[in-house]
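Chemist: So the sequence shown is residues 7 to 215, counted in the working numbering. This is the structure I have questions about; it appears just below.
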Amino acid sequence: MRKAISESDWKDGFLFVGNQLALDFLNTRPVQNGEPSELLPDFSALLGWFQAADLLNSDKVGSLQRQWGGSANAMRTTEEMRQLREKLRKEIVAWEQSGSVQHSTLDELNKLMAEHPMRTRLRTNGESCSTELWFQPREPEDLFAPLAHSAATLFATVDHKRVRKCAQCVLHFYDTSKKGTRRWCSMQLCGNRLKVAAYAARRRQRHHK
Ligand SMILES: [Zn+2]
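Okay, structure coming up:
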């Protein structure tokens, strides 16, 4: 069964099926073989996710691991990030239905963004210029910067009617398909499983007629 999972949905052991960073962060606790599986058990796994998500390059991850790995602060920050993730999960599930976000969540995100801001820099690509976001991790808590920013971006810019939980599992995604009828986290992970089950059910029905 595990072999059927497409490599393209996974990157360095993490799932990227959400089409939004905040949803990919939410999806670091999938259910695999019926068991919830924690993909961010410790600080080095967290750094691994930051690298897989293209938020930090491998050099930076290596230096942060040497600098902070094993410290109490890094452990606490990892725990706080898992707590934020589960709080966001509740909020996003409710937001998918209602489109509104609780004040306590806004306050928490605003506090995080004030303390750990994303910064903007100007880049030139030949003749034209563009801006890009970046952040500077001076302490482990600064890793909150892209997470809080991505959650704020999700709530502020994405149509909540197009964000939903997979019909078959716990993963969430932003439906960017033209028709807006995406039902599964991915065809490989859940779509095929559901199709096979539907096919088997139809066969059984025919058999009983
Ligand atoms: Zn799924």
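Ideal Cβ placement from N, Cα and C applies to all residues, glycine included. Quantities reported herein were computed from a predicted structural model and do not represent experimental measurements.
Where do the N-terminal and C-terminal ends of the beta strand (DSSP E) with His1 fall, by residue?
Modeler: Past the boundaries of the shown model lies residue 1; the chain is included only from 7 to 215, so the question cannot be answered.
Chemist: Is the Cβ-Cβ distance between Val37 and Cys175 less than 7 Å?
Modeler: Yes, the Cβ-Cβ distance between Val37 and Cys175 is below 7 Å.
Chemist: Would you kindly work out how many angstroms separate the C-alpha atoms of Ala10 and Pro47, rounded to a whole number?
Modeler: In this prediction, Ala10 has a pLDDT of 42, which is less than 50 and means its spatial position is unreliable; what the coordinates show is noted afterwards. Rounded to the nearest angstrom, the two C-alpha atoms are 25 Å apart.
Chemist: Compare the beta carbon distance of Pro146 and Ala78 with 7 Å and say whether it is the shorter of the two.
Modeler: In this structure, Ala78 does not lie closer than 7 Å to Pro146 by Cβ.
Chemist: Cβ-heavy atom distance between Trp190 and ligand 1 below 6 Å?
Modeler: Yes - ligand 1 has a heavy atom lying nearer than 6 Å to the Cβ of Trp190.
Chemist: Per DSSP, what are the beta-bridge partners of Pro123 in this structure?
Modeler: Answer by DSSP bridge pairing: none, since Pro123 is not bridged.
Chemist: Check each candidate in Leu52, Thr34 and Ser50 and name the one with the smallest Cα separation from Glu44.
Modeler: For Glu44, the nearest C-alpha among the options comes from Thr34.
Chemist: Considering only C-alpha positions, which residue in the set Lys185, Leu139 and Trp140 is nearest to Lys167?
Modeler: Ranking the options by Cα distance to Lys167, first place goes to Lys185.
Chemist: In terms of residues, what are the limits of the beta strand (DSSP E) holding Trp140?
Modeler: Residues Ser134 to Trp140.
Chemist: Glu92 to Arg189, Cα distance in whole Å?
Modeler: Distance between the alpha carbons of Glu92 and Arg189: 22 Å.
Chemist: Sort Gln211, Ser136 and Ser192 by Cα distance to Asp30 and report the nearest one.
Modeler: Closest by alpha carbon: Ser192.
Chemist: Residues bridged to Asn131 by DSSP?
Modeler: For Asn131, which the question treats as bridged, DSSP gives the partners Ser134.
Chemist: Is it true that the CB of Leu53 sits closer than 7 Å to the CB of Leu70?
Modeler: Cβ distance < 7 Å, so Leu70 and Leu53 count as in contact.
Chemist: Looking at C-beta atoms only, is the number of pairs between the stretch 59-67 and the stretch 97-106 that lie closer than 8 Å three or more?
Modeler: Counting Cβ pairs under 8 Å, fewer than three are found: no touch.
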